[in-house]
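In the numbering used here, the protein residues as written are 4 to 298.
One structure below.
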């Protein structure tokens with residue numbers, strides 16, 4: 004966490020110097036805005052990230068031709084933040100702007116195009132349109148299979164996304180199959196405490212929970228939590244996700260006091276790190292009310 008704060012301080016100083024020395028439309032200033040945004044994003048401070056990404060976009064829209072790759076990247080970054088803030092229609096709007104440019108600029112089997120398809124799939128997933136999500140995930144996967152070596156991390160992401168769509172559609176055996184393919188690649192490619200491994204454990208845990216295998220679900224959610232507690236700042240939304248999911252499993256097992264304890268931890272983080280209208284805050288509060296009624 005200290006490293007993030009240091010990075011923010013460094014970029015703030017850089018921005019101050021550049022704002023005095025450069026014209027307000029200089030792309031070099033946009034680069035610094037992007038850098039500080041990325042740090043805020045990784046800290047889970049999405050409103051700050053959005054503010055600086057939009058500052059960068061304003062400059063790029065004035066300074067660059069309309070199909071410039073940097074504009075596509077900018078739209079993509081803003082889409083990603085909106086997605087994490089739970090504003091899915093805005094996220095879709097910016098991801099589609101990114102895709103429009105990327106389609107014109109790159110060959111049809113370029114990995115960056117696959118990333119755009121994946122991102123759009125992710126928003127449809129969040130909006131509950133799982134067949135649409137699967138359609139975009141599979142478009143991305145076709146490109147990755149042609150363009151990348153078999154153990155590339157992006158292939159792992161792709162398997163993971165397809166697994167998620169199947170999970171949401173209730174096809175748990177398919178979901179598990181794709182999540183495990185994803186996890187195998189990640190285990191080879193990443194260090195043991197990488198946040199992406201935590202995502203893998205989390206997703207496998209969710210499938211077991213849906214299948215009613217609560218002891219397996221708990222085991223994988225606890226593995227996920229262990230990695231996240233080491234890798235992330237203490238108020239990161241992904242930590243809240245782990246607490247929420249463990250709470251959910253305890254609820255399903257009928258252990259309501261443990262469920263309540265984990266759900267309350269999740270709520271504290273979500274209220275600090277997410278906008279008050281975020282659907283996850285309401286979801287956590289509803290879960291807490293449900294558990295309290297059961298006690």
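Where is the CB? At the ideal position from N, CA and C, for every residue including glycine.
Bear in mind that the values here come from a model prediction, so they are computed numbers and not experimental data.
{"Item": "Assigned secondary structure, residue 158 (DSSP; H/G/I helix, E/B strand, else coil)", "Value": "helix"}
{"Item": "Distance between residue 53 and residue 15 (C-alpha atoms, nearest Å)", "Value": "16 Å"}
{"Item": "Buried versus exposed call for residue 8 [16 or more other C-beta atoms within 10 Å across all chains shown]", "Value": "exposed"}
{"Item": "Distance between beta carbons of residue 165 and residue 144, contact taken as under 8 Å", "Value": "6 Å"}
{"Item": "For residue 186, three-class secondary structure by DSSP", "Value": "helix"}
{"Item": "Span of the alpha helix (DSSP H) around residue 250", "Value": "240-256"}
{"Item": "Assigned secondary structure, residue 134 (DSSP; H/G/I helix, E/B strand, else coil)", "Value": "helix"}
{"Item": "Run of the alpha helix (DSSP H) containing residue 202, from where it starts to where it stops", "Value": "198-214"}
{"Item": "Closest Cα partner of residue 132 within the set 292, 117, 167", "Value": "167"}
{"Item": "Buried versus exposed call for residue 298 [16 or more other C-beta atoms within 10 Å across all chains shown]", "Value": "exposed"}
{"Item": "Proximity to residue 225 [Cα-Cα], best of 246, 214, 117, 216", "Value": "246"}
{"Item": "Distance between residue 10 and residue 232 (C-alpha atoms, nearest Å)", "Value": "21 Å"}
{"Item": "Residue span of the alpha helix (DSSP H) that contains residue 224, given as start and end", "Value": "217-234"}
{"Item": "Where residue 70 sits in the DSSP three-state scheme", "Value": "coil"}
{"Item": "Contact under 8 Å by Cβ, residue 36 with residue 66", "Value": "no"}
{"Item": "Contact belief for residue 275 with residue 238 at Cβ below 8 Å, rounded distance in angstroms", "Value": "5 Å"}
{"Item": "Which of helix, strand or coil DSSP assigns to residue 173", "Value": "coil"}
{"Item": "Rounded separation between residue 180 and residue 210 - CA only", "Value": "11 Å"}
{"Item": "Complete alpha helix (DSSP H) runs within the segment 11-94 (minimum length 4 residues, chain order)", "Value": "30-46, 49-66, 72-88"}
{"Item": "Proximity below 8 Å, CB of residue 75 to CB of residue 118", "Value": "no"}
{"Item": "Beta-carbon separation (whole angstroms), residue 212 vs residue 255, contact threshold 8 Å", "Value": "7 Å"}
{"Item": "Residue interval of the alpha helix (DSSP H) (run including residue 280)", "Value": "Per DSSP, residue 280 belongs to no alpha helix (DSSP H) and is neither H nor E."}
{"Item": "Meets three-Cβ-pair contact criterion under 8 Å: the segment 142-162 and the segment 114-130", "Value": "yes"}
{"Item": "Residues near residue 252 by beta carbon distance below 7 Å, same chain, minus five either side", "Value": "212, 217, 220, 221, 224"}
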